[in-house]
Amino acid sequence: MVVNIERLFSKRANRLRSSEIRELLKVTQIPGMVSFAGGLPNPLAFPVDVIHECIEKIFKKGDIREALQYGTTEGLTQLRGVLAERMKNKKHIDCEMHNIIITSGAQQALSFAALCFLDPGDTYLTSVPAYLGAIQAFHALEANCESIPMNEEGIDLDSLRRNLERLRRTGVYPKFLYTVPTFQNPSGETMSIGHRKELLNIASQYDFVIVEDDPYSELVFEGKEIPAIKSLDKKGRVIYISTFSKILAPGFRLGWVIASKEILDKFILAKQAMDLCTNVFSQYVAYEYINGGYLDKQVENIKELYKRKRDIMLDSIKKYFPPGIKWTIPKGGMFIWITLPKNIDTRLMFQKALAKKVAYVLGEAFYPEGGNYNSMRLNFSYSDDDSIREGIKRLAEVIKQELSTKFQQDAFPPEGV
Ligand code: PMP
Ligand code: G9A
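Residue 596 is where the sequence shown starts when you use the working numbering, and the numbers rise one by one after that.
Here it is as structure tokens:
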């Protein structure tokens, strides 16, 4: 007899959603496709020779057997030590080694935030558009999401206050607010220092935690670095999450969390049950990478590469896109956000774009409640320079075609409409 396995799945398993981005990664494999979809670092940004050297060092020092052994759940002591130093010096975050744990990517840390703070029916806040992977992690925990729109200062604080008051009147007290304050995924926008400070005040007034997801702030192309929200936090109200994915290689699956002892203790228990410890070999490589002084130089190389790609994408957009389209000008990171005229639906346009061999992520994917059908996210870090020019040219043709079809439909609606 065939087992009716569906009947046995948990409610949670049935809530798990597929990620638009993960699905779209298959598209990058299609020959000739220019993919602006996945948020992938450029493979040329992987410091392969340095990684080789770091691995040789591990052998030379006689550390290889430890590097192949299980490790502590908190993470490799020496890696946490050099990270604490770096976070203190670069980000002005007041932390010591014991305030940091190493996770299997930032994504795992987001899952821990969900697991440790959200019961079914609880509410969390996120600025929107929001990183899809976070929405996916939080959604799995059967929590309710309240979306707060972003604005030119990073987050609409008036809307946040109004929503908090409305929720309070119905007895709802959100557990945390999720934000990527610097070179946000997907919009490329950065939260102002004033808004960071005010957000902390509001969090304190309404008693919720801030989950600050910060994978991109090292990749700054222009302008001054803005302090991490965590660096302004004197009360242990911020969970700071970052990753080696964009400054070393995502294949290592290494992230880290800085938070209060109470929060880290819970995350460690969650991690024990989930995967015991983070990949130990990767942690040894990352330690040698920082300790050997390679990281700063590599960050400079990545910044130069991505700034060039951003400029090529922006120049091509200016050159080829028809009038009536808006786009963000990110000062760092990996993404540009495009807003098309209201009558264009990027969902309906998507297959036409694929037919022309160019891919993007639908803006809708970054809104937990859907909507914003006239937007899309473009990644500029992954493609080679000529492909960026060619891909934007193709996308422009698709958009022009769509605009002229809409124009005709609006001018000559089918009978009976
Ligand atoms: N947060 C954000 C905002 C991201 O963009 C990403 C990856 N694109 C992640 C978390 C997950 O990163 P990691 O590879 O460290 O799991
Ligand atoms: O899911 C991945 O491969 C990471 C990329 C995230 C993104 O595209 O935002």
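Glycine included, each C-beta is placed from N, C-alpha and C at the ideal position.
Note that the structure is predicted; figures quoted are calculated from it, not measured.
C-beta contact flag for residue i and residue j at 8 angstroms
i, j, result
"VAL815", "LYS926", "yes"
"ARG989", "LYS947", "no"
"GLU807", "PRO776", "yes"
"LEU762", "SER976", "no"
"LEU1029", "ALA738", "Lying before the first or after the last residue shown, residue 1029 is absent from the chain, which here runs from 596 to 1012."
"ARG678", "TYR879", "According to the sequence shown, residue 678 is Leu rather than Arg. No, the pair does not count as a contact, with Cβ atoms beyond the cut-off."
"GLY700", "LEU849", "yes"
"ARG984", "ILE907", "yes"
"GLY728", "GLN703", "no"
"VAL723", "TYR962", "yes"
"ILE836", "TYR915", "no"
"THR785", "ILE805", "no"
"VAL956", "ARG972", "yes"
"VAL645", "GLN893", "yes"
"ILE668", "ILE863", "For the record, residue 668 in the displayed sequence is Thr; it is not Ile. Yes, the pair counts as a contact, with Cβ atoms nearer than the cut-off."
"LYS770", "PHE733", "no"
"ASP940", "ASN969", "yes"
"PHE847", "ALA662", "no"
"ILE788", "PRO822", "yes"
"THR873", "ILE650", "no"
"LEU909", "ILE924", "yes"
"PRO917", "ALA868", "no"
"GLU748", "HIS790", "yes"
"ILE625", "TRP851", "no"
Nearest-angstrom Cα separation, counted from residue j out to residue i
i, j, result
"LEU674", "LEU720", "32 angstroms"
"GLU601", "ASN609", "9 angstroms"
"ILE897", "SER812", "12 angstroms"
"HIS687", "TYR884", "21 angstroms"
"VAL1012", "GLU959", "Any reading at VAL1012 is ruled out, since the residue's pLDDT is 44, under 50, leaving its predicted position unreliable."
"GLU997", "LYS904", "27 angstroms"
"ASP658", "TYR882", "12 angstroms"
"ILE931", "PHE1002", "26 angstroms"
"LEU802", "ILE824", "The question names Leu, but residue 802 in the sequence shown is Asp. Their Cα atoms are separated by approximately 16 angstroms."
"SER982", "LEU871", "42 angstroms"
"LYS861", "PRO744", "30 angstroms"
"ALA865", "PHE839", "21 angstroms"
"PHE604", "GLU618", "23 angstroms"
"LYS995", "GLU895", "38 angstroms"
"VAL629", "THR1000", "24 angstroms"
"GLY888", "LYS902", "23 angstroms"
"LEU611", "LYS655", "45 angstroms"
"ARG832", "ILE858", "10 angstroms"
"GLU691", "ASP828", "15 angstroms"
"SER614", "LYS856", "32 angstroms"
"SER978", "ASN637", "7 angstroms"
"LEU949", "VAL993", "10 angstroms"
"LYS819", "LYS685", "13 angstroms"
"GLN731", "GLU680", "32 angstroms"
"PRO781", "ALA954", "15 angstroms"
"GLU648", "ASP753", "51 angstroms"
"GLN800", "PRO810", "27 angstroms"
"ASN758", "TYR768", "11 angstroms"
Nearest-angstrom Cβ-Cβ length linking residue i and residue j, presumed shorter than 8 angstroms
i, j, result
"ALA632", "ILE616", "7 angstroms"
"LEU705", "ILE750", "Not quite, the Cβ-Cβ distance comes to about 18 angstroms (not below 8 angstroms), so this is no contact."
"GLY919", "GLY783", "Wrong, their Cβ atoms sit about 20 angstroms apart, outside the cutoff."
"ALA709", "ALA735", "7 angstroms"
"ILE1076", "LEU890", "What is shown of the chain runs 596 to 1012, which leaves residue 1076 out entirely."
Range of the contiguous beta strand (DSSP E) that encloses residue i
i, result
"VAL723", "718–723"
"PHE771", "771–774"
"GLY850", "850–853"
"ARG602", "It is not in any beta strand (DSSP E) - ARG602 carries neither H nor E in the DSSP assignment."
"ASP860", "Unbroken run through ASP860 is the alpha helix (DSSP H), 856–870; no beta strand (DSSP E)."
"ASN739", "739–744"
"LEU973", "970–974"
Distance cut-off 7 angstroms: residue i Cβ against heavy atoms of the ligand ATP
i, result
"GLY728", "Summarising the ligand content, the structure contains the ligand PMP and the ligand G9A and does not contain the ligand ATP."
Host alpha helix (DSSP H) of residue i (start-end)
i, result
"GLU899", "889–915"
"ILE653", "643–655"
"SER754", "752–764"
"TYR882", "875–886"
"GLU680", "672–686"
"GLU615", "615–619"
"PHE930", "Segment 930–934 is the beta strand (DSSP E) holding PHE930; no alpha helix (DSSP H) there."
"GLU661", "659–662"
"SER799", "788–801"
"SER706", "700–712"
CB contact below 8 angstroms: residue i versus chain C
i, result
"LEU900", "Note that chain C does not occur in the displayed structure, where there is just one protein chain."
Inset, instruction - Any chance you could list the residues with Cβ under 5 angstroms from a heavy atom of the ligand PMP, keeping chain order? - result: Selection output, chain order preserved: GLY634, GLY700, ALA701, GLN702, TYR726, VAL775, ASN780, ASP808, PRO810, THR838, SER840, PRO845, GLY850.
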